[in-house]
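In the numbering used here, the protein residues as written are -9 to 164. Positions of the beta carbon are idealized from the N, C-alpha and C atoms, including for glycine. Taking it in order: structure first as structure tokens, then the write-up.
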Amino acid sequence: MTIVPKKAAASDGMDSGHYRALMRHQAGAVTVIAAGSGDARAGLTATAVASLSDNPPTILACIQQKAGAHDRIAALKSFSVNVLASDQQQVAERFAGRQGAMGDARFEGFEWGTLKSGAPILVRALASLDCELIDRHEFTTHSIFIGRVLAGQFRAEAQPLLYFRGDYWDLGGR
Ligand SMILES: Cc1cc2nc3c(=O)[nH]c(=O)nc-3n(C[C@H](O)[C@H](O)[C@H](O)COP(=O)(O)O)c2cc1C
């Protein structure tokens, strides 16, 4: 076991590099958050997503303000959270900007539909949640978007794509 010691205490807390070194050990579900319609769609890969409440059904997503999808979600007041399946690493890489595609070009080659809000729904995602934006909190470089879940769908036979220590994983059976 490797224990990374905390640096000498600074009054304003831990430095961001040390924080990232800790957080990369938190295995997480990989999602694609998407908004918009027609050729004005935008989306990004995100792991900072969590259930907020089941009554009412609400979800939260932490999104950097400079991301292309940020202002689209704020303006349209709708977005989808698409939890990726283990066979969708390519989708994750595309929406993380790793292949250079921006804006609507990120959506090409994958099958998309809509449910209630009109936000793009990734048809073969492990699970998709269609959301109406009901609240937003800004914190330095990021916003926390809170979505009321209007509709959703899932693939019962699929397994999740996970992100852990800077790489993609699947559950690998048990
Ligand atoms: C595994 C993984 C998880 C990510 N999680 C988030 C996240 O939760 N929130 C966020 O704002 N960016 C996250 N990112 C970064 C964005 O996907 C990336 O910066 C994307 O290019 C932003 O879209 P843009 O090119 O329109 O700015 C993550 C990237 C990866 C590879």
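Taken through DSSP and simplified to helix, strand or coil, E147 comes out as coil.
Every residue whose beta carbon comes nearer than 5 Å to a heavy atom of ligand 1 appears here in chain order: L34, T35, A36, T37, A38, I53, Q54, A57, G58, A86, G87, Y153. Taking 3 residues as the minimum length, the beta strand (DSSP E) runs contained wholly in the stretch 40 to 99 are 47 to 54, 68 to 73, in order along the chain.
Taking 9 Å as the cut-off, the beta carbon of H15 is found closer than this to the beta carbon of F154. Beta-bridge partners assigned by DSSP to D120: S70, A141.
Per DSSP, the continuous beta strand (DSSP E) segment holding A32 begins and ends at 32 to 36. In this structure Q143 touches S118 by the C-beta definition: roughly 5 Å separates them, less than 8 Å. In this structure, Q78 places its C-beta atom within 9 Å of the C-beta atom of L112.
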